[in-house]
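Numbering (the working numbering), first residue to last: 122 to 205.
No residue lacks a Cβ here, since even glycine has one placed at the ideal position from N, Cα and C.
Note that the structure is a prediction, hence the values are computed from the model and not measured.
Structure representation (structure tokens):
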């Protein structure tokens with residue numbers, strides 16, 4: 122099995138080493154598509170990190186620093202603007 126893997130890697134490296142030039146170009150639409158993908162990746166990563174920090178890390182930091190969590194108002198009285 123290792124001989125097969127070694128020969129396959131050697132063949133892949135040989136094929137990559139002897140490529141001919143493609144004489145290709147990237148047109149403006151492809152460049153803007155790549156840029157759009159990069160921007161979407163970074164915005165998605167920022168949102169994911171923000172969500173992770175808010176849901177997973179912040180309660181741990183609050184517990185370590187012994188900060189009280191904000192209490193939700195639990196009253197039996199109706200709101201002041203409620204009409205009977």
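- Collapsing the DSSP output to three states places residue 187 in coil.
- In the displayed model, residue 135 falls within a helix according to three-state DSSP.
- For residue 168, the enclosing alpha helix (DSSP H) covers residues 149-173.
- Take residue 136, set aside five residues on each side of it, and no residue of its chain has a beta-carbon closer than 8 angstroms to its own.
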